[in-house]
Structure formats: structure tokens, C-alpha cells
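A.B. asks:
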Amino acid sequence: MHSFTYPAYRVTSQNIAIFAVSKPRTIWINNAHIMHYQDKKQLLDDLNIRKEEAFSFVFHRYYSRLCLFASQFIDKSGEAEDIVDEAFMKIWRGQRSFESIDHFKSSLYQTTRHIGLNKRTSDLRRIVRADHYVSSQEQTQQSQLQQIVYAEAMGELYHAIQSLPPKAQQIIRATYLEGKSNEEVATAMQISIQTVKNQKLRALSLLRARLSRDTFNLLILGAFIAKNFQ
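Here UniProt numbering is used: position 215 in the sequence shown is 215, and no number is missing along the way.
(1) Is DSSP giving Asp102 helix, strand or coil here?
(2) So for Tyr37, helix, strand or coil by DSSP?
(3) If you follow the alpha helix (DSSP H) that Tyr63 is part of, which residue opens it and which one closes it?
(4) Does the Cβ of Gln42 have 16 or more other Cβ atoms within 10 Å, making it buried, or fewer, making it exposed?
(5) Return the CA-CA distance between Gln162 and Lys40, expressed in angstroms with no decimal places.
(6) Given a cut-off of 8 angstroms, decide if Ile191 and Glu183 are closer than it, judged by their beta-carbon atoms.
(7) Is it right to say Ile83 is buried, meaning 16 or more other beta carbons lie within 10 angstroms of its own, or is it exposed?
(8) Pull up the CB-CB distance for Phe55 and Tyr109, whole angstroms please, since I reckon it's below 8 angstroms.
(9) Could you check which residue in Ser181, Glu178 and Ala168 has the C-alpha nearest to that of Lys200?
(10) Hey, how far is the Cα of Leu164 from the Cα of Thr195?
(11) From what residue to what residue does the alpha helix (DSSP H) around Thr187 run?
(12) Between Leu211 and Ala160, how many whole angstroms is the CB-CB distance? I'm expecting something under 8 angstroms.
(13) Under 6 angstroms Cβ to Cβ from Trp28, same chain only, skipping five residues before and after it: list those, please.
(14) Using only alpha-carbon positions, find the residue among Gln72, Glu53, Arg61 and Gln38 that is nearest to Arg120.
(15) Kindly indicate which three-state DSSP category Ser212 falls into: helix, strand or coil?
(16) Shortest alpha-carbon distance to Ser100 belongs to which of Asp75, Asn48 and His60?
(17) Run the CB neighbour count on Ser64, radius 10 Å, all protein chains shown included, and call it buried at 16 or more, exposed below.
(18) Assign Gly155 to one of three DSSP states: helix, strand, or coil.
(19) Is Ser107 helix, strand or coil when you go by DSSP?
Set out below in C-alpha cells:
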């Protein structure tokens with residue numbers, strides 16, 4: 001397995017928080033009845049016929065990581081969600097057929113990137129010189145793969161955390177994503193410090209087994225940043 005670094009898009013407590021707070025805002029997605037697809041072929045078939053339940057499923061599955069990916073193109077909070085909403089709407093209204101789920105995901109990222117770059121183009125033309133803009137465009141293109149890998153890793157991380165028992169989830173989020181101490185967590189949850197330590201060790205053992213090495217290291221790095229740079 002290759003090791004990845006993320007110099008173009010650094011882990012910070014701010015962009016980690018995107019995964020915790022990003023909520024789907026597109027009203028045409030059916031939030032009340034989200035199907036859980038086990039068969040990738042069925043999901044692909046339903047996506048290709050623009051079945052609402054299929055789009056609802058992928059929308060909720062990939063929304064947060066796409067918001068994180070889109071946030072590189074803008075400076076104002078909230079605009080990343082607008083970019084992702086527009087990307088899903090564009091694919092929903094389009095006639096393109098997809099050969100695989102990976103093909104669909106690739107199209108999501110490409111569409112999000114295209115919309116984000118258009119937004120960035122509009123903003124940069126108002127505030128910077130043309131040569132600075134070209135340089136920024138080239139830097140964005142060179143780092144695109146790393147940014148996609150980072151967003152996917154964060155998606156994998158949060159999916160794994162959500163599979164933990166509720167108490168373990170709460171402890172991992174508090175200590176590794178929010179930077180809280182064992183003592184603070186114990187007080188907030190009204191349990192002993194030793195219980196916090198035991199639950200954390202158990203949760204880390206489960207996460208280590210479920211995550212790739214790079215994603216697990218991302219969790220540890222996020223904890224260090226949350227504790228030291230808030």
C-alpha cells in the first residue's frame with residue numbers, strides 16, 4: 001500500500017469540523033426515506049435511471065467528503081455546500097450513463113471541481129492579477145489527486161467511527177477530533193477517567209483493524225492538531 005501525505009490540504013480542527021456539521025441542504029433529496037443499497041449493480045442501475053432513492057443514498061454517503069473537497073476552492077463558509085448541491089443537481093439533470101460506481105464517484109469529483117474552479121475564477125478575477133490567477137490554477141490542478149485522497153480518507157474515517165458503539169464514538173470524537181482531555185471527557189460523561197481510557201483503547205483497536213494505515217494515521221494527526229492548534 002502506498003503512503004500518502006497531504007501538503008496541499010492540511011488537516012486542521014476547522015476542516016475536520018466540516019464532517020461533523022455538514023448537513024445536506026438540497027431540498028429535492030428525499031431525507032425521510034433513505035434506502036440502504038447492498039447490491040452495487042442495483043445502485044448503479046438506479047443511478048443511471050435517475051431514481052431518487054439511489055441519489056438520496058449516494059448524496060448522504062458522499063456529501064460531507066465532497067464539501068471538504070469543495071472547500072479548497074472558496075473562502076466563505078457555506079459556499080462549499082452550495083458547490084456540492086449544484087454538482088449533484090447537474091448530474092441529476094444530466095443524461096450521462098455511468099459504467100461503474102467508481103465512474104459515478106469520479107464524475108461527482110470532476111463536476112464539483114469544475115463548479116468550484118468556476119466560482120474561484122469569478123472571485124479571483126475581482127481581487128488578483130491575471131498572472132497570479134494562472135499560478136493558482138496550476139497549483140490547484142497539481143494537488144487535485146492529493147485533495148481527493150484526503151477527502152476519501154476522511155470519509156473512511158468518519159464511516160468507521162460511526163460503526164463504533166455509541167459511548168466509544170463519543171469518546172473518540174471528543175478526544176481525537178475535538179482535542180479534549182480524558183479528564184474533560186470523564187466529567188462530561190460522568191464516568192471515571194479509567195473508563196474513558198479503557199473505552200478509547202478498545203475503540204482504537206477496532207479502528208486500527210477497520211482503517212487503512214494512512215487513514216488511521218490521519219486520525220492520530222488530527223488529534224495532535226486539535227489539542228495544540230485550536
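A virtual CB, placed ideally from N, CA and C, is assigned to each residue, including glycine.
C.D. replies: The short version:
(1) helix
(2) coil
(3) Glu52 to Ala70
(4) exposed
(5) 21 angstroms
(6) no
(7) buried
(8) Phe55 to Tyr109, Cβ: 16 angstroms. No contact.
(9) Ala168
(10) 16 angstroms
(11) Asn182 to Met189
(12) 5 angstroms
(13) Below a pLDDT of 50, predicted positions are generally treated as unreliable, and Trp28, at 45, falls in that range; no measurement from the model is reported.
(14) Gln72
(15) coil
(16) Asn48
(17) buried
(18) helix
(19) helix
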